[in-house]
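Here the sequence shown is numbered in our numbering, starting from 42 and rising by one per residue.
Virtual Cβ for every residue (Gly too), placed ideally from N, Cα, C.
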Amino acid sequence: MDPSLENTGPSRPLTLLLVGGTGAVGREVVRLALADDRIARLTAPTRRPLPPHPRLDNPVLDVATLADDSHYWRVDGVICTLGTTIKVAGSQAAFAAVDRDLPVRVARCARRAGATRFALNSSVGANPKSSFYLRTKAEAEQGIREVGYASYTIVRPSLIDAERTEPRPGERFALLAARVLRPLIPRRYRPVQPAAIAATLIAAVIAGVPGEHIVESEDIR
């Protein structure tokens with residue numbers, strides 16, 4: 042992790058918005074954020090209800106249906122862990138709607154409502170000249186970048202070492218192989234635990250260091 046994102050904190054507890062709260066990384070963001078006294082309130086709209094907590098606001102809805110002027114956008118910072126696969130989404134267009142278009146819309150709405158810090162869970166190898174998947178991730182990064190947050194952090198994990206709620210046989214096979222071959226794999230491409238990614242996202246938003254920060258997979262701790 043960028044050292045400038047560590048051991049710093051806000052002058053008061055923050056209000057945060059999390060989108061993607063039921064995914065592998067999102068669930069860990071919820072768990073860690075609600076245990077962190079530097080976070081006054083976490084708003085996490087989800088289609089499936091989360092376990093209740095005194096500091097959790099969990100509107101049960103699809104974040105894509107939130108109006109542009111919804112009060113849920115009024116937070117200090119945003120963590121985005123939205124993500125799917127082309128197979129689950131059903132098409133490249135549907136995939137891009139979830140992994141690119143929705144994160145950019147969330148960023149714009151929250152920024153208009155006053156948010157000043159944003160952390161995005163992206164992907165190792167995100168590149169506008171690469172495959173459709175990695176190009177879409179890079180386009181999401183750029184779209185949010187252009188919104189103009191005072192503090193913007195991109196976290197690019199490799200394969201996420203997690204049990205998925207939906208079947209992903211290709212990812213499952215790759216993960217099993219990566220676990221066996223871990224000592225031989227360059228650090229950037231080793232599987233990463235969801236909790237480590239979540240902690241990095243939370244640390245970035247809480248620190249709110251001005252400018253853009255990119256955390257590559259080997260720097261996620």
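Contact between the region 249 to 257 and the region 87 to 96 is absent: fewer than three C-beta pairs spanning the two stretches fall below 8 Å. Each residue's CA atom was taken as its position, placing residue 183 and residue 165 some 15 Å apart. The three-state reading of DSSP puts residue 184 in helix, counting H, G and I together. Classified as buried, residue 241 has 16 or more neighbouring CB atoms from the shown chains inside 10 Å of its CB.
Note: residue 253 is bridge-paired with 193 in the DSSP secondary-structure output. The residue among 145, 113, 65 with its C-alpha nearest the C-alpha of residue 56 is 113. Closest in C-alpha terms to residue 226, from the list 234, 250, 199, 78, comes 199. Between residue 192 and residue 181, the gap from beta carbon to beta carbon reaches 9 Å or more.
Considering only 72, 64, 189, the residue with the shortest C-alpha distance to residue 251 is 189. Every unbroken stretch of the alpha helix (DSSP H) spanning 4 or more residues and falling wholly within the region 137 to 172 is given here in chain order: 143 to 153.
The straight-line gap separating the alpha-carbon atoms of residue 247 and residue 81 is approximately 11 Å. In this structure, DSSP gives residue 85 a state outside helix and strand, which the three-state scheme calls coil.
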